[in-house]
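Residue numbers (our numbering): 602 to 1330.
Heads up, the beta-carbon is just placed ideally off N, CA and C, and yes, glycines get one too.
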């Protein structure tokens, strides 16, 4: 039987008698009034109109909406969209029928899970609108938007739920027309949406949920929401749904096991997991269920569903499908914009970035500030002075300041000069953020280096404790870990500068800090690596913001996923902003013989080099080491290379014995982890020595070791030659 053949299916999600569900399939070009009327009649036993209609989407691998399932009590109709409209076919009339008789019909309430995805995809991919759209998860308290959570909230203790079946049904939203179980799952998603809507006491709750009406929305703004949502949606689809937790040791006692994680990226978290074991007597291998009961740094306590005695644990596998706080806040902002609860397009900063026109004006109540003198502990060149001056000025022309900072041009020096000047002038409410913890830490170190200590650094306890504490030893007096956020100390009131990652701005307890130190000026480092959509929660939730400075280099790393997902953009790709960016045009890190090559190849000859660089023209500035018989080994989603590791250890030992400073960088996190562990094993200094490409930031030393584990990365690594032989700025 074809997976797209009409059939009868039985739901096994809710443990109660239900009639058979008639499942039918139609191409959009074959959609008829009779087919639509038939699915509506499936809900005709409802005592009153409008009729609750459940809708579930399915997407292609590129994120395009391929089909929708439309469900009532006993009927499910799956409408498959054509990938392209052929000349002369009647696809358009089928879409018009779908929109007129269901999506925008006054007697139909459209219930769906993750309505922001469905509503924006209908418009973006098929120019379809809807009215009376209701997001089912919006009825639930809290931030958990998993479908199972919403279903449990709605059903309560009325009937038992088959939770495993529900999670399996909602695990994927891929369009796989040859896969019958997948097509059934899509139908069950829509049916469950209609079932939840029919629960007696849920009707009043759903009446309080704002309706989504894209028919009345401005097309330009709806298109932007669709672009933002599609980029985030595709990025989320590429994330692994499970991780294999790497560990060093275990200690078993009956059903309990104490385990120590060996790698931060695959650390244990409080959630359910699968345990793969081998029976010591029989050699049989099988899976067990378990749950991480407690996590403290690298250590975790796990409880299995049966005894682990006499068994060898070979692996732990943890589901990794929960969004981060930032991802949740972005999806929430898009949904609220569709519901009319959050006015994204009224926000001055977002409006200026996306819809700037000749009529745009900043709020009159925002008082201009200018003529703040520059107070810097270090000498600044002309381009740095210009950058700091623009950062200090709060005029309508400089509310958004863009600074293009190639490597080694003193971006953190500029930030430090801005901070010391602003504080000397009596300013406060300065928040310094970046994409990575490493970049934030580097800014903090620069502030400490110039003698400025009136700041606090907010860092995730998961990142800090037992994993990266050694990076923060010199800053420990100014660090606040997230486990302290519920009761921040009173000294925050007197602290005019706070540092954190951009994702930390979405922490649920951030209000503890913003209430005492409202964000007025926001400096964003690594801005070229940040997707535009990542700023939406910050700009819409912080009403006190008056100034934003973006600092980055779009010639280096782009936002994650941009190479495959064209909908993802950075602030440096907004033409009217990038054209006004201030270029820091003198680099101090690379030897001039390398700097000149980079300037011509990457920066159109605009990047000058420090003529006083200690590495002269007659000195070798770079060496390449060819290692024979080396081989990359895949390590989950990363790579490592033992032969290159061995050579690097020899170089590291020699450099340390000669008293020379060095750093090791690699494209791969698995290789970085291997190197750091091996350096520890042979007794070398290991703190702050090994970095991957993405986290190596502004390390200006007399000598660095630079290497690459993959020839395909060679051109990317050439851009990093500027890290060699550099004095500290």
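- Unbroken alpha helix (DSSP H) runs of no fewer than 4 residues, entirely contained in the segment 697-758, are found at 716-727, 748-756, following chain order.
- Residue range 622-628 is occupied by the beta strand (DSSP E) that includes residue 624.
- With 16 or more neighbouring CB atoms inside 10 Å of its own CB, residue 1073 falls in the buried class.
- Judged by DSSP secondary structure, residue 655 falls within the beta strand (DSSP E) whose first and last residues are 652-660.
- With fewer than three CB-CB distances shorter than 8 Å, the segment 1023-1030 does not count as touching the segment 1175-1184.
- For the pair residue 616 and residue 763, the CB atoms are nearer than the 8 Å cut-off.
- Look at residue 1109 here: in three-state DSSP terms it is coil, with no helix or strand label.
- Scanning 662, 1171, 1214 for the CA closest to the CA of residue 1190 turns up 1214.
- Around the Cβ of residue 1269, a 10 Å sphere holds 16 or more other Cβ atoms; the residue is buried.
- Burial of residue 676 is indicated by the presence of at least 16 other C-beta atoms within 10 angstroms of its C-beta.
- Taken through DSSP and simplified to helix, strand or coil, residue 1283 comes out as coil.
- As computed with DSSP, residue 861 is found in a beta bridge with 850, 900.
- Of the candidates 902, 880, 940, 668, 880 places its Cα closest to the Cα of residue 909.
- DSSP lists 1265 as the beta-bridge partner residues of residue 1291.
- Beyond the five residues adjoining it in sequence on each side, residue 927 comes within less than 6 Å, by CB distance, of 1104, 1107 in the same chain, given in chain order.
- Looking at the DSSP output, residue 1152 sits in a beta bridge with 1004.
- Among the bridge pairs identified by DSSP, residue 962 is matched with none.
- At a Cβ-Cβ threshold of 8 Å, residue 1094 and residue 1117 count as neighbours.
- Three or more Cβ pairs closer than 8 Å define a contact, and the segment 961-975 falls short of that threshold against the segment 1130-1142.
- Sequence-distant Cβ neighbours of residue 1034 in its own chain, meaning closer than 8 Å and more than five residues away, are 1041, 1100, 1101, 1102, 1103, 1105, 1106, 1123, 1124, 1125, 1126.
- Cβ-Cβ distances below 7 Å link residue 792 to 612, 622, 655, 672, 677 in the same chain, with the five nearest sequence neighbours on each side left out; the list follows chain order.
- Annotated three-state conformation of residue 895 is strand, per DSSP.
- Cβ contact annotation for residue 1275 (same chain, cutoff 7 Å, sequence separation greater than five): 1241, 1246, in chain order.
- Unbroken beta strand (DSSP E) stretches of 3 residues or longer found wholly inside the segment 781-835: none.
- Using a C-beta cut-off of 8 Å, the segment 978-985 makes contact with the segment 1003-1021, since at least three inter-stretch Cβ pairs fall below that distance.
- DSSP places residue 872 outside both helix and strand once states are collapsed to three, so it counts as coil.
- When secondary structure is reduced to three states using DSSP, residue 1123 falls in the strand class.
- In the same chain as residue 735, and ignoring 5 residues on each side of it, the C-beta atoms closer than 8 Å to its own belong to 710, 711, 712, 713, 716, 798, 807, 810, 812, 813, in chain order.
- Fewer than three Cβ pairs drawn from the segment 840-847 and the segment 736-750 lie within less than 8 Å of each other, which leaves the two stretches out of contact.
- Just measuring C-alpha positions, the residue of 1079, 1132, 1059 sitting nearest residue 1111 is 1059.
- Taking each of 1264, 1250, 911, 610 in turn and checking the Cα distance to residue 885, the smallest one comes out for 911.
- It is roughly 26 Å from the alpha-carbon of residue 770 to the alpha-carbon of residue 829.
- With respect to residue 614, residue 767 sits close: the two C-beta atoms are nearer than 8 Å.
- About 17 Å separates the Cβ atoms of residue 1157 and residue 1187, ruling out a contact at the 8 Å cut-off.
- In this model, residue 801 and residue 740 are separated by some 14 Å (Cα to Cα).
- Linking residue 916 to residue 935 through their CA atoms gives a straight-line distance of about 38 Å.
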